[in-house]
Amino acid sequence: MTVPLPTRGKALSDREVEVLRLVAAGRTNPGIGRELCISVDTVRSHMMRIAVKLGTSNRAAAVRVGFETGVLRLPDATVLAQADAIVRRNRLAKVRADVARQRARGRAA
Numbered sequence: 753m754t755v756p757l758p759t760r761g762k763a764l765s766d767r768e769v770e771v772l773r774l775v776a777a778g779r780t781n782p783g784i785g786r787e788l789c790i791s792v793d794t795v796r797s798h799m800m801r802i803a804v805k806l807g808t809s810n811r812a813a814a815v816r817v818g819f820e821t822g823v824l825r826l827p828d829a830t831v832l833a834q835a836d837a838i839v840r841r842n843r844l845a846k847v848r849a850d851v852a853r854q855r856a857r858g859r860a861a
């Protein structure tokens with residue numbers, strides 16, 4: 753699913769909106785990477801695509817355009833609860849993958 757931009761640019765993907773929300777919340781690239789279980793390079797890649805789609809040149813401008821176009825809204829309890837659930841789900845998936853890799857190594861040794 754993508755989020756259309758009412759006034760300019762191309763639609764942002766769900767992941768790009770998620771990254772932009774975390775930027776708006778003041779997270780750094782490493783912090784975003786940790787929360788979403790992705791690499792800092794992947795965060796940078798998302799930010800570059802966001803900037804191109806929004807026609808901006810920096811994080812602050814991207815956040816401003818996000819609010820101006822309605823892609824971002826002031827958080828409410830529902831949005832925060834959904835964000836927390838996504839973070840927990842991503843962390844759990846990463847832990848499960850790490851455990852599976854460790855088990856595979858243990859069997860191979």
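Following the numbering used here, the numbering of the sequence shown begins with 753 at its first residue and continues without gaps. Using N, Cα and C, we set each Cβ at its ideal position, and we do this for glycine too.
Original post:
From lysine 846 to cysteine 789, what does the alpha carbon distance come to, in whole angstroms?
Top reply: Numbered from 1 along the sequence shown, position 94 holds the residue referred to as residue 846. Numbered from 1 along the sequence shown, position 37 holds the residue referred to as residue 789. Distance from the CA of lysine 846 to the CA of cysteine 789, rounded to the nearest whole angstrom, comes to 7 Å.
Original post:
So threonine 794 is in the alpha helix (DSSP H); what residue range does that whole segment cover?
Top reply: Locating residue 794 in the sequence shown gives position 42, counting from the first residue. Looking at the DSSP string, the run of the alpha helix (DSSP H) that includes threonine 794 is 792-806.
**OP:** Out of Arg786, Asn781 and Ala776, state which residue places its alpha-carbon closest to the alpha-carbon of isoleucine 838.
**Re:** Taking the sequence shown and counting its residues from 1, the one referred to as residue 838 is at position 86. Among Arg786, Asn781 and Ala776, the Cα nearest to that of isoleucine 838 belongs to Arg786.
**OP:** Specify whether the region 796-809 and the region 847-857 touch according to this definition: at least 3 beta carbon pairs, one from each stretch, less than 8 Å apart.
**Re:** no
Subject >> Under 7 Å between C-beta atoms of asparagine 781 and valine 795 >> reply: Counting from 1 along the sequence shown, the entry for residue 781 is found at position 29. Counting from 1 along the sequence shown, the entry for residue 795 is found at position 43. Yes, they are a contact pair.
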